[in-house]
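Undergrad: Adding 4 to a residue's 1-based position in the sequence shown gives its number in our numbering.
By construction, the Cβ of each residue, glycine as well, lies at the ideal position given by its N, Cα and C atoms.
Please read all numbers here as calculations on a predicted model, not as lab measurements.
Shown below is the structure under consideration.
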Amino acid sequence: MNSYPATMSAARAEPVHIGEHLRQWRLRRHLSQLDLAGDAEISTRHLSFVETGRATPSRDMVLKLAERLNVPLRERNVLLVAAGFAPAFPQRALDDPALKSAREAIDLMLRAHEPNPALAYDRHWNLVSANRMVLPILAGVSQHLLTPPVNIMRLAFHPEALAPRTVNVAEWCGHLLDRVRQQCEVTADPGLIKLYDELKAYPIPARSVPLSPDSVAIPFKLRLGGDVLSFMSATMIFGTPVDVTLSELALEAMFPADEFTAERMRGLAAGLQ
Numbered sequence: 005m006n007s008y009p010a011t012m013s014a015a016r017a018e019p020v021h022i023g024e025h026l027r028q029w030r031l032r033r034h035l036s037q038l039d040l041a042g043d044a045e046i047s048t049r050h051l052s053f054v055e056t057g058r059a060t061p062s063r064d065m066v067l068k069l070a071e072r073l074n075v076p077l078r079e080r081n082v083l084l085v086a087a088g089f090a091p092a093f094p095q096r097a098l099d100d101p102a103l104k105s106a107r108e109a110i111d112l113m114l115r116a117h118e119p120n121p122a123l124a125y126d127r128h129w130n131l132v133s134a135n136r137m138v139l140p141i142l143a144g145v146s147q148h149l150l151t152p153p154v155n156i157m158r159l160a161f162h163p164e165a166l167a168p169r170t171v172n173v174a175e176w177c178g179h180l181l182d183r184v185r186q187q188c189e190v191t192a193d194p195g196l197i198k199l200y201d202e203l204k205a206y207p208i209p210a211r212s213v214p215l216s217p218d219s220v221a222i223p224f225k226l227r228l229g230g231d232v233l234s235f236m237s238a239t240m241i242f243g244t245p246v247d248v249t250l251s252e253l254a255l256e257a258m259f260p261a262d263e264f265t266a267e268r269m270r271g272l273a274a275g276l277q
């Protein structure tokens, strides 16, 4: 459905030194040396020397360049190590006591969104947590796809999951594939690139008609029993994370796109009590 941008395929080559790392990130962001040097308030000559390995950046400069390039926290640690410094951003498991307040906030937001579905997932779209309204939507999904790690994107595309029951499968999955492609470009994450390759291989029809000019969002239309439920989705992330795990978490909240769906979800919630 989509072809790789040059920067995505180039990202598979492993950089040799810090300068090559920085150059790859600069190219992914479509910035010239002049643009980046101006943003980072350094000379273009010095940036050129750093990229070619003729100059070694300080720890503060690595972090400053990474910030200007909007490099993910996980990859900022990679840059620091490549420059000979210790990683700056911790990576803790979600059950670590230090992340207790964040974990409680996630659980609170998921519960508060009922009677509508909401879930949390990691950087590779693997399910981390979900509220109880996600379960009815997954009715009929093949059990092997519900064995952890459960991948949200795979559930959307797989012929033994939600794809056969998605009324607007071409539009919805096309939208999701675009999201993953954009993430691949931004992060150059090998796991995401592998997932993107997998999703492209599923037999999803191409989008045939453009969206109506009156549309405000692409809905997710799903058959459930004899009904068609319609949702709009919103994504939430932590605004100021300094932990790698937390920076890679996202929450997806589904909102009813019509009153029928809202009423149907209230009925499903009542049945789960």
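Quick check on residue 53: does DSSP put it in helix, strand or coil?
TA: Note: residue 53 maps to helix in three-state DSSP.
Undergrad: Taking buried to mean at least 16 other C-beta atoms within 10 Å of its own C-beta, is residue 23 buried or exposed?
TA: Under this definition residue 23 is a buried residue.
Undergrad: Curious, which full-length alpha helix (DSSP H) runs of at least 4 residues does the segment 27-85 contain?
TA: 37-44, 48-56, 63-72
Undergrad: By the 10 Å Cβ neighbour count, where 16 or more other Cβ atoms means buried, how is residue 246 classified, buried or exposed?
TA: exposed
Undergrad: Under a Cβ-count criterion, where at least 16 other Cβ atoms within 10 Å of its own Cβ denotes burial, should residue 55 be classed as buried or exposed?
TA: buried
Undergrad: So residue 115 is in the alpha helix (DSSP H); what residue range does that whole segment cover?
TA: 104-116
Undergrad: List the DSSP bridge partners of residue 232.
TA: DSSP output for residue 232 lists 227 as bridge partner(s).
Undergrad: Leaving out the 5 sequence neighbours to the left and right, which residues in its chain are closer than 8 Å to residue 41 when beta-carbon positions are compared?
TA: Taken in chain order, the residues that qualify are 47, 48, 50, 51.
Undergrad: For residue 146, count the other beta carbons within 10 Å of its own beta carbon; 16 or more makes it buried, fewer makes it exposed. Which is it?
TA: exposed
Undergrad: Go ahead and pull the three-state DSSP assignment for residue 206.
TA: coil
Undergrad: For a test of the three-state rule: what should DSSP assign to residue 132, helix, strand or coil?
TA: If DSSP states are grouped into helix, strand and coil, residue 132 belongs with the strands.
Undergrad: Cα separation between residue 157 and residue 126?
TA: 12 Å
Undergrad: Any idea what DSSP makes of residue 260, helix, strand or coil?
TA: It is a strand residue.
Undergrad: So, do the segment 269-277 and the segment 101-121 have three or more beta carbon pairs nearer to each other than 8 Å?
TA: yes
Undergrad: Output yes if chain C places a C-beta closer than 9 Å to the C-beta of residue 228; else output no.
TA: The structure shown contains no chain C; it holds only a single protein chain.
Undergrad: Are the CB atoms of residue 177 and residue 208 nearer to each other than 9 Å?
TA: yes
Undergrad: Can you tell me where the alpha helix (DSSP H) holding residue 174 begins and where it ends?
TA: 173-191
Undergrad: For residue 175, which option in 160, 187, 165 has the closest C-alpha, if you only look at C-alpha atoms?
TA: 160
Undergrad: Since residue 114 and residue 124 should fall inside the 8 Å C-beta cutoff, what is the C-beta to C-beta distance between them, to a whole number of angstroms?
TA: 7 Å
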